[in-house]
Amino acid sequence: MSNHFPKELIDQKAREKIIKEINRNILVEASAGSGKTSSLIHRMAALIKSGKFKVDEIAAITFTRKAAIELKERFQQKIEDSFRETEDEKEKVYLREALSNLEQCYLGTIHSFCARLLRERPIEAGLDPEFAELDDLDDTLLKEEAWERYLLNLKIDESPSLIHLEELGIKPSELADCYKTICTYPEVKPFFQASPKPNLKEAIKEIISFSDEASQYIPDEEPKMGYDKLQEAVLSVKRMKGFHDYIKEDYNKIKLLENFSKSEK
1 MSNHFPKELI DQKAREKIIK EINRNILVEA SAGSGKTSSL IHRMAALIKS GKFKVDEIAA
61 ITFTRKAAIE LKERFQQKIE DSFRETEDEK EKVYLREALS NLEQCYLGTI HSFCARLLRE
121 RPIEAGLDPE FAELDDLDDT LLKEEAWERY LLNLKIDESP SLIHLEELGI KPSELADCYK
181 TICTYPEVKP FFQASPKPNL KEAIKEIISF SDEASQYIPD EEPKMGYDKL QEAVLSVKRM
241 KGFHDYIKED YNKIKLLENF SKSEK
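No gaps in the numbering here: position 195 of the sequence shown is 195 in the UniProt record's numbering, and each next residue is one more.
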């Protein structure tokens with residue numbers, strides 16, 4: 001059977017540049033699992049072997065703690081392997097020194113890196129020297145606490161905003177996802193655009209007509225397993241269509257229409 005695999009990777013030359021051209025900046029864009037971390041580790045080892053850079057002059061920053069731990073392990077393994085494999089005495093000296101001072105190489109998350117910089121100059125940054133960075137769980141809990149406290153203050157102050165939301169039929173809890181998005185992208189200014197009110201008259205007319213027809217096929221006595229979602233929606237229209245004051249409110253019209261939505265929460 002013939003081997004149809006190429007003798008070398010299509011981007012092999014680009015990979016070699018990452019390792020060999022250590023005197024220039026290189027931007028690497030590639031999909032997950034393509035070998036970016038491996039190329040980075042080889043480049044870091046090449047920096048050490050060149051003798052131009054010491055291990056404490058190198059920083060490798062990742063996004064997650066798991067990735068940072070893996071990077072540390074793989075980098076140490078690469079330095080150890082390089083030390084055993086090289087026959088160049090100068091390289092051995094550089095690699096031995098790197099192994100002895102490996103802890104001085106910064107390999108961590110971007111959050112930890114920023115915290116390290118702030119700890120070096122907390123006064124200039126206007127921070128308590130004993131500050132501690134939040135982990136993901138603490139950050140989430142604080143955001144939720146701030147949101148709940150904000151809503152509580154609005155209720156205590158009888159804010160017109162809450163009254164207006166109630167008039168629109170919007171629950172504050174329905175805005176929680178919007179709040180989380182704003183917290184995630186604080187540098188992005190929210191964009192608002194006015195939209196015309198939908199004409200619900202025809203939609204309600206069709207729903208009432210459909211419900212009148214469908215209700216003939218719904219048993220008067222509720223089944224043991226209960227009515228299904230569609231049957232419940234039809235019966236809700238049948239119950240409410242006689243309440244003209246209820247039906248004429250747009251919010252209540254939307255509630256009836258939502259009962260016929262395919263999506264279920």
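Built from N, CA and C at the ideal position, the CB exists for glycine as well.
Residues of the same chain with a CB within less than 6 Å of the CB of K143, apart from the 5 flanking positions on each side, are C183 in chain order.
Note that the stretch 106-115 touches the stretch 58-69; at least 3 beta-carbon pairs, one per stretch, sit closer than 8 Å. Taking C-alpha positions only, Y106 is separated from Y251 by approximately 57 Å. Between I10 and A46 the beta-carbon gap is near 22 Å, outside 8 Å, which marks them as no contact. Nearest C-alpha to E16 among H42, D212, V93, Y185: H42. Between S100 and K49, the CB-CB gap reaches or exceeds 8 Å.
An exposed status is given to S195, since fewer than 16 other beta-carbon atoms sit within 10 Å of its beta-carbon.
Between L151 and S161, the CB-CB gap reaches or exceeds 8 Å. Here F243 is exposed: its Cβ has fewer than 16 other Cβ atoms, across all protein chains shown, within 10 Å.
For E258, the closest alpha carbon among the candidates G169, P223, S215, K180 is that of G169. Counting C-beta pairs with one atom in each stretch, the stretch 74-88 and the stretch 22-42 have three or more that are closer than 8 Å, which means they touch. Membership of L107 in any alpha helix (DSSP H) is not indicated; the residue belongs instead to the beta strand (DSSP E) covering 106-109. The straight-line gap separating the alpha-carbon atoms of V188 and E89 is approximately 54 Å. Beta-bridge pairing by DSSP links A46 to no other residue. Here S261 is actually not in contact with K238; their C-beta atoms are around 18 Å apart, not less than 8 Å. Boundaries of the beta strand (DSSP E) around I61: 59-62. Looking only at A67, Y94, A68, I69, the smallest Cα-Cα distance to E80 is reached by Y94. In the structure shown, the three-state DSSP call for Y246 is helix. For K92, the enclosing alpha helix (DSSP H) starts and ends at 89-100. Annotation for I204: I247, K253, L256, L257 place their beta carbon closer than 8 Å to its own, counting only its chain and skipping 5 residues before and after.
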